[in-house]
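In my numbering, the protein residues as written are 475 to 764.
(1) Does the pairing of the stretch 553-564 with the stretch 582-593 give three or more beta-carbon distances under 8 angstroms?
(2) Quick one: does residue 592 have its CB under 8 angstroms from some CB of chain D?
(3) Starting from residue 699, trace the beta strand (DSSP E) in both directions and tell me its first and last residue.
(4) Got a sec? Which residues, its chain only, sit under 7 angstroms from residue 635 by beta carbon, not counting five neighbours each side?
(5) Using only the alpha-carbon positions, how far apart do residue 551 and residue 730 sit?
(6) Do you know whose CA, among 549, 658, 674, lies nearest residue 510's CA?
(7) Helix, strand or coil for residue 655 per DSSP?
(8) Take the Cβ of residue 694 as the centre, count every other Cβ of all protein chains shown within 10 Å, and call the residue buried at 16 or more, exposed below.
(9) If I follow the unbroken beta strand (DSSP E) through residue 617, where does it start and stop?
(10) Going by alpha carbons, who is nearest to residue 567 out of 668, 732, 743, 742?
(11) Write down every uninterrupted run of the beta strand (DSSP E) in the stretch 560-639 whose length is 3 residues or greater and which is fully enclosed by it, in chain order.
(12) Less than 8 angstroms between the beta carbons of residue 707 and residue 726, yes or no?
(13) Between 613, 734, 709, which has its C-alpha nearest residue 683's C-alpha?
(14) Tell me the residue span of the alpha helix (DSSP H) that contains residue 665.
(15) Does the Cβ of residue 688 have 16 or more other Cβ atoms within 10 Å, making it buried, or fewer, making it exposed?
(16) Alpha carbon to alpha carbon, how far is residue 502 from residue 620? Give it in angstroms, no decimals.
(17) From the DSSP output, which residues share a beta bridge with residue 705?
(18) Which of the three DSSP states is assigned to residue 642 in this structure?
(19) Any heavy atom of the ligand MN closer than 7 angstroms to the beta-carbon of residue 555?
(20) Taking the beta carbon of residue 738 as the centre, do at least 16 other beta carbons fall within 10 Å, making it buried, or is it exposed?
(21) Thinking residue 677 and residue 691 are a contact (beta carbons under 8 angstroms), I'd like their distance in whole angstroms, please.
(22) Specify whether the stretch 567-581 and the stretch 602-611 touch according to this definition: at least 3 beta carbon pairs, one from each stretch, less than 8 angstroms apart.
(23) Can you tell me whether residue 513 is helix, strand or coil according to DSSP?
(24) Taking its Cβ as the centre, do 16 or more other Cβ atoms sit within 10 Å of residue 625, making it buried, or is it exposed?
(25) Which class does residue 746 belong to by DSSP, given the choice of helix, strand or coil?
(26) Given that a residue counts as buried once 16 or more other Cβ atoms are within 10 Å of its Cβ, and exposed if not, what is residue 658?
(27) Beta-carbon separation of residue 641 and residue 595 under 8 angstroms?
(28) Measuring CB to CB, does residue 720 end up less than 8 angstroms from residue 585?
(29) To the nearest angstrom, how far is the alpha carbon of residue 756 from that of residue 746?
(30) Less than 8 angstroms between the C-beta atoms of residue 704 and residue 578, yes or no?
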């Protein structure tokens, strides 16, 4: 379940990370499992036509009023929004293809070169996926920062070289140099500032997280003097085939991210659990299987 609990006009069924069971759809096999894309770009604007549907200014999101999300009893989707789920993927895997796609796109923006040092700020679902995708892309050392001990532990269990609660650790790990690439995946207003501090001179920063209050706190001098390249990451391009390949190849571990499962009747508690950062939660999912 997504952590974002901002008020939405009711009644709108929530849920944008979803796996659906097919009832009837053209050439797709009835009853087959499918992944439904959470966003519906227009397909006709300048950005859609040049292969950047993630930047479509007319995009509509399932689960955002007035469009029903994956928790609705029924959900309509255009054929191009439906991605068949291979038999080797679980329903929970399918629900996590969207955050995995976000991670893939962010690492693409970083233009990571082989054996470069990467720092990931934030070890929530996106941050943990960023670390795994960066490893697949050829990163050398990968360092993860998260103030919650259990999430830092999860990062090292999933292959990070080291994890710590504060970004100052990156300087210690790199002998004061900083990381070639910093992937920021927190909701902290200071996340941008911490990313510039963790980056080396001439480094690249990709901002994936969405700060609380939609505002960053940044002292610009350091970022300017380092000559940093900064990218804001917006969702993803057409990366779902790559995401599925990574899961099938074992390059990423999605199962370890799902720490809590809830029945449909307990959806409210699932949302609350994800927002509290308690009980070791990384990703909570609502299962519709009987």
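By construction, the Cβ of each residue, glycine as well, lies at the ideal position given by its N, Cα and C atoms.
So, from the listed chains and residues:
(1) No: fewer than three Cβ pairs fall under 8 angstroms.
(2) Of the chains in the structure shown, none is chain D; there is only one protein chain.
(3) Indexing the chain shown from 1 puts residue 699 at position 225. Residue 699 -> not in any beta strand (DSSP E); alpha helix (DSSP H) instead, spanning 694-700.
(4) For this step, residue 635 is matched to residue 161 along the chain shown. Correct list, in chain order: 615, 616, 617.
(5) Here residue 551 corresponds to residue number 77 of the chain shown, with the count starting at 1. Here residue 730 corresponds to residue number 256 of the chain shown, with the count starting at 1. Cα to Cα, residue 551 sits roughly 29 angstroms from residue 730.
(6) Here residue 510 refers to the residue found at position 36 of the chain shown. Checking every option, the nearest Cα to that of residue 510 belongs to 549.
(7) Here residue 655 refers to the residue found at position 181 when the chain shown is read from its first residue. Three-state result, residue 655: strand.
(8) Locating residue 694 in the chain shown gives position 220, where the first residue counts as 1. By the 16-neighbour rule on beta-carbons within 10 angstroms, residue 694 is exposed.
(9) Here residue 617 refers to the residue found at position 143 of the chain shown. 616-619 is the span of the beta strand (DSSP E), which, as asked, contains residue 617.
(10) In the chain shown, the residue the question calls residue 567 occupies position 93. If we check each option's Cα against that of residue 567, 732 comes out closest.
(11) 592-595, 616-619, 636-638, all fully within the stretch 560-639.
(12) Residue mapping note: residue 707 aligns to position 233 of the chain shown, counting from 1. Residue mapping note: residue 726 aligns to position 252 of the chain shown, counting from 1. No, these two residues do not count as a Cβ contact at 8 angstroms.
(13) The residue given as residue 683 occupies position 209 in the chain shown. When each option's Cα is compared against that of residue 683, the closest is 709.
(14) What you label residue 665 is simply residue 191 of the chain shown in a count that begins at 1. Element bounds for residue 665: 665-672.
(15) Along the chain shown, one-based indexing puts residue 688 at 214. For residue 688, the number of other beta carbons within 10 angstroms of its own is below 16, and it is reported as exposed.
(16) Here residue 620 refers to the residue found at position 146 when the chain shown is read from its first residue. Here residue 502 refers to the residue found at position 28 when the chain shown is read from its first residue. Distance between residue 620 and residue 502, taken at the CA atoms: about 42 angstroms.
(17) If you number the chain shown from 1, residue 705 lands on position 231. Paired residue(s): 680.
(18) Within the chain shown, the letter at position 168 stands for residue 642. Residue 642 falls in the helix class under three-state DSSP.
(19) Only the bare structure without any ligand can be found here, which leaves the ligand MN out of the picture.
(20) Position 264 of the chain shown holds residue 738. With fewer than 16 neighbouring CB atoms inside 10 Å of its own CB, residue 738 falls in the exposed class.
(21) Within the chain shown, numbered from 1, the residue matching residue 677 stands at position 203. Within the chain shown, numbered from 1, the residue matching residue 691 stands at position 217. Residue 677 to residue 691, Cβ: 20 angstroms. No contact.
(22) Three or more beta-carbon pairs separated by less than 8 angstroms link the stretch 567-581 to the stretch 602-611, which places the two stretches in contact.
(23) Walking along the chain shown from the start, residue 513 turns up at place 39. Correct three-state label for residue 513: strand.
(24) Along the chain shown, read from residue 1 onward, the residue named residue 625 stands at position 151. Buried.
(25) As a working mapping, residue 746 is identified with position 272 in the chain shown. In this structure, residue 746 counts as helix in the three-state DSSP scheme.
(26) As a first step, residue 658 must be located in the chain shown, where it is residue number 184. Counting Cβ neighbours within 10 Å, residue 658 comes out buried, since at least 16 surround it.
(27) In the chain shown, residue 641 corresponds to position 167, counting from 1. In the chain shown, residue 595 corresponds to position 121, counting from 1. Yes, the Cβ-Cβ distance between residue 641 and residue 595 is below 8 angstroms.
(28) On the chain shown, position 246 is the one that residue 720 refers to. On the chain shown, position 111 is the one that residue 585 refers to. No, the pair does not count as a contact, with Cβ atoms beyond the cut-off.
(29) If you number the chain shown from 1, residue 756 lands on position 282. If you number the chain shown from 1, residue 746 lands on position 272. Between residue 756 and residue 746, the C-alpha separation is close to 13 angstroms.
(30) As a working note, residue 704 is residue 230 in the chain shown. As a working note, residue 578 is residue 104 in the chain shown. In this structure, residue 578 does not lie closer than 8 angstroms to residue 704 by Cβ.
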